[in-house]
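Accompanying notes for the structure given below.
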Amino acid sequence: MLRDTPGSPRRLSYTVTLGVAAIVLLGMVGVSYHEWRQYSRANADAARTREIHDSVDALLFSLIDAETGQRGFLLTGEDRYLEPYNRAIQEIPGELAHLKGLLATRPDESENVARLESLVDQKLTELRQTIDLRRTNGVQQALSLVLSSHDKRVMDEIRALGSEIHGRESSTEGQASAGEKAAAGATLLATIAGSLVLFFLFAFRLDPFASPQPQAWRRSWPLRYGAAVLAVVAITLLRAALTPLIGRTNLPFTLFFCAVAFAAWFGGFRPAVLSIALSLLAGSYFFAEPAGSFRVNGRDDQVAMLMIIVVGFGMALLSRAQRSAVDHAMSAENSERNLRQRFETTLASIGDAVIVTDAAGRVTFANKIALSLMRRTESEIAGKSLDEAFRIINELTRVPVESPAARVLREGGIVGLANHTVLIASDGTEVPIDDSAAPIRAADGSVQGTVMVFRDVTARRRAEATSRLLASIVESSDDAITSVDLNGVVTSWNKGAERTFGYLAGEMIGRPISSLAAPETADDFPRILEEIKKGERTEYYETVRRTKRGELINVLVTASPVRDATERIVGVSRITRDITERVRAAERVAQLNADLQNTVQSLALANRDLERFAFVASHDLQEPLRMITAYAQLLVKNYPAQGDQEATTFVGNIVDGTRRMRELLGDLLAYSEIGARLEDPPEAVDLNQVMESVRQNLKASIDENRALVISDRLPTVRGHQSHFIQLFQNLIGNALKYKGDDPPRIQVTVQEADSHLRFAVSDNGIGIAPEDREKIFEVFRRLHGKDVAGTGIGLAICQRVVERYAGRIWVESQVGQGSMFVFTLPKTLPLAAQASQGVERLARLRVQGQPGQN
Amino acid sequence: MPRDREVPGKEVKPVARILLIDDNTADVLLLEKALQAHDISYELIRYLDGENAMRALAQGHTAVPDVILVDLNLPRRDGFDVLSAVRKTPRLAGVPVGVLTSSNAAKDRNRAALIGVEKYICKPPTLDEFINEVGRGVQELLLMSAPGDASAENSRLS
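Chains A and B are the protein sequences, given in the same order. Here this note's numbering is used: the first residue of the first sequence is 1, the next is one more, and so on. Here this note's numbering is used: the first residue of the second sequence is 1001, the next is one more, and so on.
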């Protein structure tokens, strides 16, 4: 907008100026040519008039010569006086013819010419007659003829005629002079007029010759010196051309001032000096008296030479001064223009949006980015008020915000960035921007406008959001996330690092990270750093670090290179996880595992011992018992005579005791085998079948007691049938055993719960006192005396079976109101299977270990 | 310790050659009581432990018995080892084998059945039961042994 464009007034004025100048020049040339033509014509007329004058005069002189010669002869009679007469007689016809030729172009003179011719003829005839009379008739007759009025009249008439021609030609000559004068006047006028016009143009800075570029002043030296030489040559030619006007040798130097002036203007100082020298040479040689030599005789001309030297140098110096001034001005102007251009280019090509306003807040400039952000074209907003073109609102409150430029105009200072500003483009698009504005001040400090800079911060907002997110992730991480530069100096330190190491960020940033190295372990930071420098990652490297409090912590370190934008490695980022707890837990777990292993081993040993005990109980202990029984009986049988009745009773007691002992051993064996005897894998066991087997086994007792045994439809479970037979048989057997007064009524029910089956065997027996409910499950615990059969292992076996299948057994009972034995079994029995597998393994161990045992 | 080969008045009965492997002398006495109670005339060849018995069987030092009785609880090599060795000895093929033990454990019964024992005799605790059951068991085993075979063996030996 600030640049000249074609058709602008300035360019137009320049063109008009050039046109006017050209027209003036052409006019001057035209007038000059016209005047020159007139002048030359007048000049030719004057020359002919002078020739006619001379010719008439020559004729008259010749006639007078002839008459003088005639008079001398007449008086003396000597022929030598006739010599002028003879010579005149010879010349007169030629002169007359010449005059006739000259006057031939003038018809008004033809009469005079004819008369002059006849008069000359008459005169010449008279002269010849008188000379002849003198020769023939003597002096007197001749003189008388001469003295006759006729002779004198002819001569007078000739003279009068000559005067007449003279006069007429003189008037012609006067006319020619007047023409000359008029021509000179016209030339002067034209020149003055042209000069005035040019002066006018220059005065109003409409300088058609002013170069717009300072470089134009720097014309090449051949051009400048050549122009000086040409100027001198041109002036020389001009001076030569003007010779008819001002004479051969008048004013030999004056015109050369023009050449010097031109050279000074066009070429500068040195060409001007050259032109002075050339002018002096040309003027003195061609135009100064004496011509054709370099000598100058005339005092005026010498003064003129001095003048041209002095004034020429003056002009050259002035020209130089003026040129330097102009140079200065031009360069100043150019630098200003360059500056402005640079500013405009800078503003236009700047990466941010720029809007310039005038003091009234109207837009005077907006660069491309500003226009694209506002979705407007330059012409749309040029001259518009900023509030109209640049609509911004607060991002959060959505209230229109005063533009920073307006604030600048109001407050006069620089207005910085405002947060959360959104620019609303012409199409409604919203663009988050950062804006700022500053006043444009003139030299005197007055505000001339504002420049507002803003930028689209969408990408930056996004990047900031991402960065905030990442930062918050880093900050919230429990792991210590730190970074160091290549010298091992800490550059970042997150909250996790503060928690892990106890050092605050402010304490660590700028310090070497190696202060975290534990004294026990080698400082491994340099090694990691070297690996990182090679571009390698260190992953899950486990080491020990020392915290601020001097505690040693186990950490897991992952270190990776930090690269800058050019992919150069500039540091190390570390994620350090405090695994002290984990390591300690692992140690504890290992310890527990070891303990468990020991326990399991000792348990296995104990189990083996138990199995061994059971084996011993079943075999080895029974063996001597059997011997005792058999031989006691043999003793009685073989020696009945020697034994009395008392001995028989004693033997009976021994046999009873051993039988009792065998029962106990048998039960104990059965009890121990529940945990062990499992060579077959668990299988599906239909509990209804189990119940049927139990009914069969207990048939005698059921029938005897007239008991009623009823059962729900029971599920199928996984396990070993013998276990479940023992379980149900013991429970039902117990119910039969501890019956009340009424016939026993025994009910087996099952309920399904979330994860298990709940079985209940309830009876209407004597019930169990609350304090006994735990005891009854102990091995060989009997609540009743010998009146009730059994060793007291039945419920212990039941408990062992249920627990073996990961169930639970308890009793719900009131004395006199019957008992209800409840047990649970998991719906799925893989637990039981696993448990049994574990015990099976032990069982196999026992079997294999058996042969070595005595 | 063979005792009277013949019970008086019952001379027609052939002598049963019984190979007994049992370390318990008291039980041997009870066995003899049971055999006598059942009128079985017998020739008892006894080994005190499994190892000696197995070696003897393998080397053929003994005559082929009519019945083999093995106690399970033996020193050095247990009864099952002896049973296995017997079953692997060709010259003992067809000789009925009885287990004579105080163990009533199902495990032992199963194991014995797997080896192919003809009779599992659990030693009962009381004297009368012992005499009855063990005697009857040996009788049944003797019946399994071919009578002709037994006499042939006997003649060979004599």
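Idealized CB from N, CA, C, for every residue including glycine.
With a Cβ-Cβ cutoff of 8 Å, do arginine 1077/B and methionine 1054/B count as a contact? Position 77 of the second sequence, counted from the first residue, corresponds to residue 1077/B. Position 54 of the second sequence, counted from the first residue, corresponds to residue 1054/B. Yes.
Next on the checklist: Taking the alpha carbon of threonine 450/A as the reference point, which residue from Arg462/A, His420/A, Thr458/A, Glu411/A has its own alpha carbon closest?
Outcome noted: Within the first sequence, the letter at position 450 stands for residue 450/A. It is Glu411/A.
**Study point:** Segment contact flag, the region 1033-1052 of chain B with the region 1136-1147 of chain B, C-beta cutoff 8 Å, min 3 pairs
**Key:** Yes: the two stretches touch, three or more of their Cβ pairs being nearer than 8 Å.
Worksheet item: Are the C-beta atoms of alanine 1053/B and some chain A residue less than 8 Å apart?
Response: Against the second sequence, residue 1053/B aligns to sequence position 53. No - not a single Cβ of chain A is within 8 Å of the one on alanine 1053/B.
**Prompt:** Counting only beta-carbon atoms, is leucine 1114/B nearer than 8 Å to chain A?
**Reply:** Within the second sequence, residue 1114/B is the residue found at index 114, counting from 1. Chain A contact via Cβ: absent.
Compute the beta-carbon to beta-carbon distance between alanine 405/A and glycine 361/A, rounded to the nearest angstrom, for a pair I have assumed lies under 8 Å. Walking along the first sequence from the start, residue 405/A turns up at place 405. Walking along the first sequence from the start, residue 361/A turns up at place 361. Yes, alanine 405/A and glycine 361/A are in contact; Cβ-Cβ is about 6 Å, under 8 Å.
So is aspartate 132/A buried or exposed if we call it buried at 16+ other beta carbons inside 10 Å? Along the first sequence, one-based indexing puts residue 132/A at 132. Per the 10 Å Cβ criterion, exposed.
Discussion item. At the 8 Å Cβ level, is alanine 832/A part of the contact set with chain B, yes or no?
Written reply: Stepping through the first sequence from its first residue, residue 832/A is reached at position 832. In this prediction, alanine 832/A has a pLDDT of 40, which is less than 50 and means its spatial position is unreliable; what the coordinates show is noted afterwards. No, no contact with chain B.
**OP:** Pull out every residue of the region 576-590 of chain A whose Cβ sits closer than 8 Å to any Cβ of chain B, in chain order.
**Re:** Within the region 576-590 of chain A, no residue has a Cβ that lies closer than 8 Å to any Cβ of chain B.
For aspartate 817/A, I'd like the list of residues in its chain whose CB is within less than 7 Å of its CB, leaving aside the five on either flank, ordered along the chain.
What you label residue 817/A is simply residue 817 of the first sequence in a count that begins at 1. Reading off the sequence shown, one finds glutamine at residue 817/A, where the question assumed aspartate. Gly767, listed in sequence order.
Between aspartate 712/A and the rest of its own chain, which residues show a CB-CB distance below 8 Å, the 5 nearest in sequence each way excluded? Translated into positions along the first sequence, residue 712/A becomes position 712. Excluding positions up to five away in sequence, the list reads Val748, Thr749, Val750.
- prompt: Taking contact to mean at least 3 C-beta pairs separated by less than 8 Å, is the region 506-514 of chain A in contact with the region 467-474 of chain A?
  reply: no
- prompt: Are the Cβ atoms of isoleucine 1131/B and leucine 1100/B separated by less than 8 Å?
  reply: Within the second sequence, residue 1131/B is the residue found at index 131, counting from 1. Within the second sequence, residue 1100/B is the residue found at index 100, counting from 1. Cβ atoms of isoleucine 1131/B and leucine 1100/B: not closer than 8 Å.
In angstroms, rounded to a whole number, what distance separates the CA positions of isoleucine 575/A and valine 447/A?
-> For this step, residue 575/A is matched to residue 575 along the first sequence. For this step, residue 447/A is matched to residue 447 along the first sequence. Approximately 56 Å between the Cα atoms of the pair.
Residues of its chain near asparagine 764/A, where Cβ-Cβ distance is below 7 Å and the 5 sequence neighbours each way are ignored: The residue given as residue 764/A occupies position 764 in the first sequence. If we look at asparagine 764/A and ignore the five residues flanking it on each side, its Cβ neighbours are Gly740, Asp742, Pro744, Arg745, Gly818.
- [ ] Taking only the alpha-carbon atoms, compute the straight-line gap between arginine 568/A and phenylalanine 525/A and give it to the nearest angstrom.
- [x] Start at 1 with the first residue of the first sequence, and residue 568/A comes out as number 568. Start at 1 with the first residue of the first sequence, and residue 525/A comes out as number 525. If you take the alpha carbons of arginine 568/A and phenylalanine 525/A, they lie about 20 Å apart.
Going by DSSP, what residue range makes up the alpha helix (DSSP H) through glutamine 141/A? Counted from its first residue, the first sequence places residue 141/A at position 141. Glutamine 141/A -> alpha helix (DSSP H) spans 139-147.
Just the C-alpha distance for glycine 1094/B and serine 701/A, rounded to the nearest angstrom, thanks. By 1-based counting over the second sequence, the position of residue 1094/B is 94. By 1-based counting over the first sequence, the position of residue 701/A is 701. Roughly 44 Å separates the two Cα atoms.
Please tell me whether valine 457/A and aspartate 485/A are closer than 8 Å, where the distance is taken between their beta carbons.
Indexing the first sequence from 1 puts residue 457/A at position 457. Indexing the first sequence from 1 puts residue 485/A at position 485. Going by C-beta atoms, valine 457/A is not nearer than 8 Å to aspartate 485/A.
### Query
Which chain A residues sit within Cβ distance under 9 Å of lysine 1119/B?
As a working note, residue 1119/B is residue 119 in the second sequence. What lysine 1119/B touches in chain A: nothing, since even the nearest Cβ is about 19 Å away.
Practice task
Buried or exposed for arginine 134/A, please, with buried defined as at least 16 other CB atoms from any protein chain shown within 10 angstroms of its CB.
Solution key: Position 134 of the first sequence holds residue 134/A. Answer is buried; the Cβ neighbour count reaches 16.
**Asked** Between which two residues does the beta strand (DSSP E) containing glycine 283/A stretch?
**Response** Position 283 of the first sequence, counted from the first residue, corresponds to residue 283/A. Taken as a continuous stretch (DSSP letters only), glycine 283/A belongs to no beta strand (DSSP E), as it is neither H nor E.
Could you give the distance in angstroms between the alpha-carbon of arginine 808/A and the alpha-carbon of valine 761/A?
-> Within the first sequence, numbered from 1, the residue matching residue 808/A stands at position 808. Within the first sequence, numbered from 1, the residue matching residue 761/A stands at position 761. One C-alpha to the other measures close to 14 Å.
- Item | DSSP state of serine 275/A mapped onto helix, strand, coil | Sequence index remark: in the first sequence, residue 275/A carries index 275 (1-based). Note: serine 275/A maps to helix in three-state DSSP.
Pick from Val490/A, Thr429/A, Thr491/A, Ser163/A that is closest to arginine 391/A, judged by C-alpha positions: Looking up residue 391/A in the first sequence gives position 391. Nearest of Val490/A, Thr429/A, Thr491/A, Ser163/A to arginine 391/A, Cα basis: Thr429/A.
For threonine 543/A, collect the residues of the same chain with a Cβ closer than 7 Å to its Cβ; drop the 5 residues on either side in sequence, then sort them by chain order. For the purposes of this step, residue 543/A is taken as residue 543 along the first sequence, with counting starting at 1. Non-local C-beta neighbours of threonine 543/A in its own chain, meaning closer than 7 Å and more than five positions away in sequence, comprise Thr521, Asp524, Val555, Val557, ordered along the chain.
- [ ] Locate the alpha helix (DSSP H) running through asparagine 697/A, then write down its first and last residues.
- [x] Here the question's residue 697/A lines up with position 697 in the first sequence. Here the alpha helix (DSSP H) through asparagine 697/A covers 687-697.
Mapping the DSSP letters down to three states, classify glutamine 215/A as helix, strand or coil.
Sequence index remark: in the first sequence, residue 215/A carries index 215 (1-based). In this prediction, glutamine 215/A scores a pLDDT of 43, lower than 50, which makes its location untrustworthy; the coordinate-derived value is nonetheless stated afterwards. Reduced to three states, the DSSP call for glutamine 215/A is helix.
field: Every unbroken beta strand (DSSP E) inside the region 474-512 of chain A [3 residues or more]
entry: Counting whole runs of 3 or more residues, the region 474-512 of chain A contains the beta strand (DSSP E) stretches 480-485, 490-493.
- Item | Alpha-carbon to alpha-carbon, leucine 119/A and methionine 155/A | The residue you call residue 155/A lines up with position 155 of the first sequence. The residue you call residue 119/A lines up with position 119 of the first sequence. One C-alpha to the other measures close to 8 Å.
_In the DSSP output, what is isoleucine 165/A paired with across the bridge?_
The residue given as residue 165/A occupies position 165 in the first sequence. Isoleucine 165/A is not bridged to any residue.
Arginine 859/A by DSSP, collapsed to three states: which one?
-> Residue 859/A lies beyond the residue range present for chain A, which begins at 1 and ends at 854; the question has no answer from this structure.
Original post:
Less than 8 Å separating the beta-carbons of valine 431/A and leucine 386/A?
Top reply: Working through the first sequence from its first residue, we reach residue 431/A at position 431. Working through the first sequence from its first residue, we reach residue 386/A at position 386. Contact: no.
Margin query: Which residues does DSSP list as the beta-bridge partners of arginine 574/A?
Written below: Taking the first residue of the first sequence as position 1, residue 574/A is located at position 574. Arginine 574/A is bridged to Thr482/A, Ala559/A.
Euclidean distance between Cα positions of aspartate 1049/B and proline 1075/B: Sequence index remark: in the second sequence, residue 1049/B carries index 49 (1-based). Sequence index remark: in the second sequence, residue 1075/B carries index 75 (1-based). If you take the alpha carbons of aspartate 1049/B and proline 1075/B, they lie about 6 Å apart.
query = What is the C-beta distance between serine 275/A and alanine 228/A, in whole angstroms, given that I count them as a contact (C-beta under 8 Å)?
reply = If you number the first sequence from 1, residue 275/A lands on position 275. If you number the first sequence from 1, residue 228/A lands on position 228. So it is a contact: roughly 4 Å between Cβ atoms.
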